[in-house]
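Heads up, the thing below is written out as structure tokens.
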Ligand code: HEM
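In UniProt numbering, the protein residues as written are 1 to 149.
This is the structure in structure tokens:
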């Protein structure tokens with residue numbers, strides 16, 4: 001039961017990571033080696049002090065690590081999965097301190113919501129002719145920003 005709800009959560013965090021870019025600064029002169037789809041390697045020189053951003057959706061949608069990356073498939077988190085290709089909470093010494101707290105609280109909240117409420121998409125006349133794919137694109141579209149009142 002627990003493993004199943006956490007798979008749904010992980011798959012949601014893979015497809016819709018709330019933190020899309022994680023800023024870092026190189027602590028020393030180093031290099032990063034990248035590999036393209038054909039297997040060609042490129043060495044990128046990274047001097048000390050350079051700003052680097054970890055592109056979280058870029059990693060989470062990379063077909064090298066995730067089969068059929070655009071599909072919502074919680075079952076990919078049931079067996080072995082590529083841990084280094086899943087960074088919603090970042091990784092390493094400065095990874096999210098609230099991860100365990102969130103993983104417990106988030107599942108508790110989601111479980112209460114879906115057990116007490118019926119959740120559906122509001123029917124609105126201006127969207128009446130929409131296909132399922134169009135509705136999905138509209139509902140799931142996101143733009144950065146925080147609304148404050
Ligand atoms: C879905 C929920 C959350 C996501 C996706 C998330 C994601 C992240 C990410 C990406 C970082 C940056 C790590 C880095 O710089 O490498 C971070 C840092 C941090 N998060 Fe979260 N977080 C979440 C919830 C929480 C909660 C609930 C708390 C506290 C109760 C929390 C506390 C922190 C703290 C204190 C840091 C800074 C850690 C440090 O710099 O050493 N986070 N989080």
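Glycine included, C-beta positions come from ideal geometry on N, C-alpha and C.
Check: Is residue 50 helix, strand or coil by DSSP?
Finding: coil
Margin query: Less than 6 Å between C-beta atoms, sequence neighbours within five positions excluded: which residues of the same chain meet that for residue 41?
Written below: 33 and 35
Check: How long is the line joining the alpha carbons of residue 17 and residue 145, rounded to whole angstroms?
Finding: 14 Å
Note to self: Spatial neighbours of residue 123 within its chain, please: C-beta separation below 8 Å, excluding the five flanking residues on both sides.
What the structure shows: none
Notebook entry, point to check: So residue 100 is in the alpha helix (DSSP H); what residue range does that whole segment cover?
Noted result: 99 to 116
Next item on the list: Verify whether the separation of the beta carbon atoms of residue 87 and residue 59 is less than 8 Å.
Entry: For residue 87 and residue 59, yes; Cβs fall inside 8 Å.
Check: Would you say the beta carbon of residue 95 comes nearer than 7 Å to a heavy atom of the ligand HEM?
Finding: yes
Margin query: Is the beta carbon of residue 20 closer than 8 Å to that of residue 57?
Written below: yes
Item checked: Cβ pair residue 6, residue 75 closer than 8 Å -> no
Check: How big is the Cα-Cα spacing for residue 181 and residue 103?
Finding: Residue coverage of the chain in this structure runs from 1 to 149, which leaves residue 181 outside it and unanswerable.
Note to self: Closer than 7 Å to a non-hydrogen atom of the ligand HEM - does that hold for the CB of residue 8?
What the structure shows: no
Check: Residues in its own chain within less than 6 Å of residue 135 by CB, not counting five upstream and five downstream?
Finding: none
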